[in-house]
Structures are given as structure tokens and as C-alpha cells.
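Visitor: Residue numbers (this note's numbering), protein chains in the order written: chain A, 904 to 1255; chain B, 2 to 160. The C-beta atom is built at its ideal place from N, Cα and C for all residues, glycine as well. Please read all numbers here as calculations on a predicted model, not as lab measurements.
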Amino acid sequence: MAIKRGVSLYSYQQTQFFRQLDWKGQIREVRENLGTDGIEIINQQLIPHYPFPSEEFLYDFRSYMARYNMNAVTMDVYLDVHQFRDHVMTHGEAAEHLKNDIRLAAKMGFKNVRCLVLVPIDVIEACIPTAEKYDIRIGKEIHAPWPIKPGNYVQPKKGMAAGINFRAVDEMIELRERTKSPYVGLVPDFGIFQYRPSEVTIAYVKRHAKNPEAVDWILEHAPEYGHDELIDVVDEKFPGHGIPVNQIDRVALHKSCCAPEDILDVLPYIVSIHGKFYNMTEIPGKPGCYEDKCIDYETPMKYLRENGYDGYINSEFEGQRDQQDMGEENLVSEIEQVRRHHEMLRRLTGEA
Amino acid sequence: MFDQYLIRKDSLKNDYIDGKAVGFQFAVRIADYRGCFLSLHNGYYISCDGTEYPRELQTFEINGKAPRTYEELKWCAWEHWDYDDEGIVHVKKEGGLEKGTHHIGLQQSILAQYGYMPWDEEWVKNPPVPGSGAGAGKTETICYFDLELQDTCGCTCGA
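1. Relative to chain C, which residues along the stretch 111-129 of chain B have a C-beta separation below 7 Å, given in chain order?
2. Using a threshold of 8 Å, state whether the C-beta atoms of A:Lys1043 and A:Val1090 are closer than that.
3. Counting only Cβ pairs nearer than 8 Å, list the residues of chain B close to A:Gly1149.
4. Could you tell me whether any Cβ in chain A is nearer than 8 Å to the Cβ of B:Tyr17?
5. Starting from the beta carbon of B:Gly36, find every residue of chain A whose beta carbon is closer than 8 Å, and list them in chain order.
6. Whole angstroms is fine: what's the gap from A:Tyr915's alpha carbon to A:Pro1115's?
7. Going by beta carbon distance, what residues of the same chain come within less than 7 Å of A:His1144, once the five residues before and after it are set aside?
8. Can you list, in chain order, the residues of its chain whose CB lies under 8 Å from that of A:Phe1096, leaving out five sequence neighbours each side?
9. Quick one, which of B:Tyr71, B:Ala22 and B:Phe146 has its alpha-carbon nearest B:Thr102's?
10. Around the Cβ of A:Asp1092, are there at least 16 other Cβ atoms within 10 angstroms (buried) or fewer (exposed)?
11. If you draw a straight line from the alpha carbon of A:Glu1239 to that of A:Phe921, how long is it in whole angstroms?
12. Classify B:Trp168: buried if its beta carbon has 16 or more other beta carbons within 10 angstroms, exposed otherwise.
13. Are the stretch 109-125 of chain B and the stretch 982-989 of chain A in contact at 8 Å, needing three or more beta carbon pairs?
14. Is there contact here, the stretch 1058-1075 of chain A with the stretch 1119-1135 of chain A, by at least three beta-carbon pairs under 8 Å?
15. At least one CB of chain A closer than 8 Å to the CB of B:Ala78: is that the case?
16. Expressed to the nearest angstrom, what Euclidean distance is found between the alpha-carbon atoms of A:Thr1184 and A:Lys1196?
17. For the stretch 1042-1096 of chain A, which segments carrying the alpha helix (DSSP H) assignment without a break, of at least 4 residues, lie completely within its bounds, in sequence order?
18. Is A:Ala1106 closer than 8 Å to A:Asp1225 when the C-beta atoms are compared?
19. Considering only the beta carbon of each residue, do A:Thr977 and A:Asn1015 sit closer than 8 Å?
20. Could you please give me the residues that DSSP links to A:Thr977 through a beta bridge?
21. Go through its chain and collect everything with a Cβ distance to B:Cys77's Cβ below 6 Å, but skip five positions before and after it.
22. Give the secondary structure of A:Leu1167 by DSSP, where H, G and I count as helix, E and B as strand, and everything else as coil.
23. Can you list the residues of chain A that B:His104 reaches, using a CB-CB cut of under 8 Å?
24. Quick check on the DSSP output: the beta strand (DSSP E) that includes A:Asp1195 runs from which residue to which?
25. Buried or exposed: B:Ala160, going by 16 or more other Cβ atoms within 10 Å of its Cβ?
26. Straight-line CA distance for A:Glu1237 to A:Gln1227?
27. Between which two residues does the alpha helix (DSSP H) holding A:Phe960 run?
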């Protein structure tokens, strides 16, 4: 038993956008060049005519996965609460949406769905019978800036962070313990161990800020302020800076929202893991070995290894979007970035 | 994301009715890593050579159907804009665009979310106006493109 490697095809979003590889080409890349079998997908990225794919597509997907001896690990599913536009989706409607995604995941041969951290806990509870019937585990994502241990976190009121329910992880564990259902679990994302902004993110935000020195100021002073307070101070000091709140949040990151050892608190509930990364660069003095300089992989992976985690870590490359505002010569190769990430995963799982 | 690639560079053309230019069109991709239910599509901030063309002057063509207004798309809750697909934005402008290069500003507005947020009820009553950054998904800036008008003639000769 050992940690298994996989890829979320999220990583190849740009490759798919430019039609360089379709999902079949992406699966072949994972099998032939990464030498592994784990596949995670984004439902609305890969499935034509979602949520009503043809029987032909469903059969083709299962057949192609079988041909290359692949394992359909997790399907990532969403919750767009404005789908009906004349009202905010009720929790009952949200549950029907998730149930439909569970049935779809089962038809494609997946074992798990990853739901978003903002899905209310009663919506998940309402889906447990469907999850049991179709043998699909529901894993709620633990995504930065959500903590595993909320401690004294202050609820932000601005930006995406305003939607945060800091008890999301506890609620999932309580639901699991109360129902004793093995179909309720968690999908930690390695972004929770990101302790500083990636170089590619800083460069993107600087290119679009009216005064790039505001970004330098945030990088230096973010640790001195609370979330909402920082945004007010930036507005005051740099009027008309033109940096959206969500971008300020990205460059203000200065401390990981989870400590590496926090992973042990959720270990029994892990469905699969997102191996988030932004930019794999060669480790100085170690030719052919790569790291992401803003995310701690080494320590949490040591805990996972020592404590017998034997599920998948699926690469989730996200650095491409910070490099798509320039010419084609500046686009990053997702294929190469994921290959580098798997060099690191092989090394840190002890496979190499 | 996809900032520089949201409009296909060789897609700017005039729209004609009975040989008369009535507006212009260009091909767009979704500014996200996933497709969306069409009902969530809330229009574009569009400027062309400094003039803004609000959502009321725009229609959107997708899935092999005739161009639709955003009031019509609002009720397409079961139809999907697939990630791989290109849509065509049509903009009303009497006489169309002059020959040559045009400076186009674009911000897409799709009310995609990751679950419940504090502004949900407000978005039902007053959806954000495209261009404000709210509801702009993964590309919150206005992206600019210098595009050469492709056609010069309203007939089917290809000139």
C-alpha cells in the first residue's frame, strides 16, 4: 500500500482550450508519459452537453479508460445557485443537482465526487442515500483559505472570503460520525499548505495594477493587517489602484491556512487529494528535481506516508491562468509542468 | 484567465441584413476552465474605439441556434455552453464598422459561483452590469484587442 499518483484533467485546461489535446490525448499523456492510472475530471470541462451527455459519450469514456487501464477516481462537481435566475436555488434544488452529478459520476465509472466547500451541510446529508445507492463517496473540498482547525479566525466581509464558513470541515466530520456513512468525506487541496504567493501570481497582478508599487507594499505589509482592514488600507494608500479584492487576497497570502500536521486530523476521512501547484522549477543543485517554491509538499507528504495514506494525490496545475495575458510565446506548457510535478510526487512518495 | 485569447483574432466582421451593415460580430470563448448553463450568461462589457455598446445592443449565438438576447438566455437553465465551444457575439451598430483595425475592450459576465454567497438575492433582483468586475468570473479585468475587420462587402462573394 502506498500513496498513488493521478492527474486532475483540470491541469490541461489550456491545452484543451487551444485544442492541442482532447480528453483522450490527455488520458494517454497520463498513462504513457507519467506512468500512472489516476484520473480526476471537471464535469463541465470534459463532458459534452453536460448535464445530458449522450449514451455514446458515456460508453466511449468508460471504454477508453478501460483500454488504457485507467482508474476514474474523482469527478469535480459545482453549485451555481443562479441557474434559475428568478430565484436563488433552494437547498432542495441544490441537493437534486448534486444527486444528478452523483448518478452521472457513477455512469462514467467514477468512485467519488468532489463537492465545493460552500455546499451547505444539509444538502450533503440529503444526498447520502443516493451516494450509497450508486457507491459514490462525496468528498467536500478543503480549499484555501478554509482552515482544518478554525481557532480564532475572523469572518471576512469582503470578496470571495465573505462566503467562508470556517466550520465546514468540522461539520463534515460531525455528519460522518453521526451518520456513520463512509460516503461522507473530504478532499484536501495542497493549496492549504501554500505559505506565500507564487511568483507567477505576483507578476500577473503587477502587470494589471495601475500602480505596481501597491503590490510590493501588500507583499511587505500584509502580515500587519486583518483581511478586511488590509483592503481598506490599500484603498486609502493607493487610490485608484484598480486591483480587484480577489487579486489582493492572492498577493496578501503570507501564512498557510493549515499547518502540515493538521492533515492528520482529517486523514481517516480523505477521499482523494488535490495536488495544487502554480510553478514547478528546478531545485538549485538538484538537476531533474522540481519543487513549487510557494507550497510545502514535503512535510504534509511525510505525514501522509508515515501514517499509511494509500489514496490518490491528483495533480492540479493552476499557474497557467497567470500567464495568459501575454503573447503565445509566454504561455506555459501544462504538459511539462505536470511531468515535473510527478517527478516530485514520485520522489516524495518514495516511488522513485 | 485566457485574457488575450477570449476573442478569436480573425473573427471580427460586419453583420448584414439585405446587403446593409447593421452591426458587427466576433467569436468568443468562455473565461473559465469550465462551461456554464446558458442562463448564467449575463452579457459583455464591450467598447469599440472608445464607444461602449451595452448589453441591450448585444445578442449571443451558440449551439447552432439563432442569436438570442440575454433576456432570452436567462431562461435557458437546461442548455449548456460547453467549455470547448466558441460563441458569436453580435453588436448592433448602424452601418457596421469601417474597414481597418479596431480597438475592442471586453469583459465577460457569467454569474457562475461556487455555492451560496452574501450577494445572491441582490443578483436575482439586480444582476451586475458587465464591466464592473462583479460577476466577471475568472477574468476580472477588461481585456483589450486590436482586431482587423475581416470582410469588406455585404454579399457572399468573400471579398
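Guide: Quick answer:
1. Absence of chain C from the displayed structure is noted, the protein chains being A and B.
2. Their beta carbons are under 8 Å apart, which means A:Lys1043 touches A:Val1090 by this criterion.
3. For clarity, residue 1149 of chain A is Asn in the given sequence; the question names Gly instead. Around A:Asn1149, the beta-carbon contacts reaching into chain B at under 8 Å are Glu141.
4. B:Tyr17 has a beta carbon lying at 8 Å or more from every beta carbon in chain A.
5. The contacting residues are Gln947, Gln948 and Tyr953.
6. Rounded to whole angstroms, A:Tyr915 to A:Pro1115 spans 30 Å at the Cα level.
7. These residues qualify, in order along the chain: Ala1112, Lys1113, Asn1114, Ala1117 and Val1137.
8. Hits under 8 Å: Ser1159, Cys1161, Pro1163, Ile1198, Asp1199, Tyr1200, Thr1202 and Pro1203.
9. Nearest of B:Tyr71, B:Ala22 and B:Phe146 to B:Thr102, Cα basis: B:Phe146.
10. Buried.
11. Cα to Cα, the separation comes out at about 16 Å.
12. The requested residue 168 of chain B is not part of the displayed model; chain B covers only 2 to 160.
13. Inter-segment contact for the stretch 109-125 of chain B and the stretch 982-989 of chain A is present: three or more beta-carbon pairs are separated by less than 8 Å.
14. Remark: three or more beta-carbon pairs, one from each stretch, lie closer than 8 Å, so the stretch 1058-1075 of chain A and the stretch 1119-1135 of chain A are flagged as touching.
15. True, the Cβ-Cβ gap to chain A drops below 8 Å.
16. Cα to Cα, the separation comes out at about 8 Å.
17. DSSP runs (the alpha helix (DSSP H)) wholly in the stretch 1042-1096 of chain A: 1071-1082.
18. The criterion of a C-beta distance shorter than 8 Å is satisfied by A:Asp1225 and A:Ala1106.
19. Less than 8 Å divides the Cβ of A:Thr977 from the Cβ of A:Asn1015.
20. The partner list for A:Thr977 (beta bridge, DSSP) reads A:Glu943 and A:Asn1015.
21. Apart from sequence neighbours up to five positions away, the residues of its chain that approach B:Cys77 with a beta-carbon distance below 6 Å are Leu39 and Ser40, ordered along the chain.
22. Correct three-state label for A:Leu1167: helix.
23. Per Cβ cutoff of 8 Å: no residues; B:His104 is ~17 Å from chain A at best.
24. Counting along the chain, A:Asp1195 sits inside the beta strand (DSSP E) bounded by residues Lys1189 to Asp1195.
25. Residue placement at B:Ala160 is poorly supported in this model, since its pLDDT is 48, which falls under 50; the coordinates still yield a value, given next. Exposed is the call here.
26. Between the C-alpha atoms of A:Glu1237 and A:Gln1227 there is a straight-line separation of about 12 Å.
27. Per DSSP, A:Phe960 is one residue of the alpha helix (DSSP H) stretching across Glu958 to Arg970.
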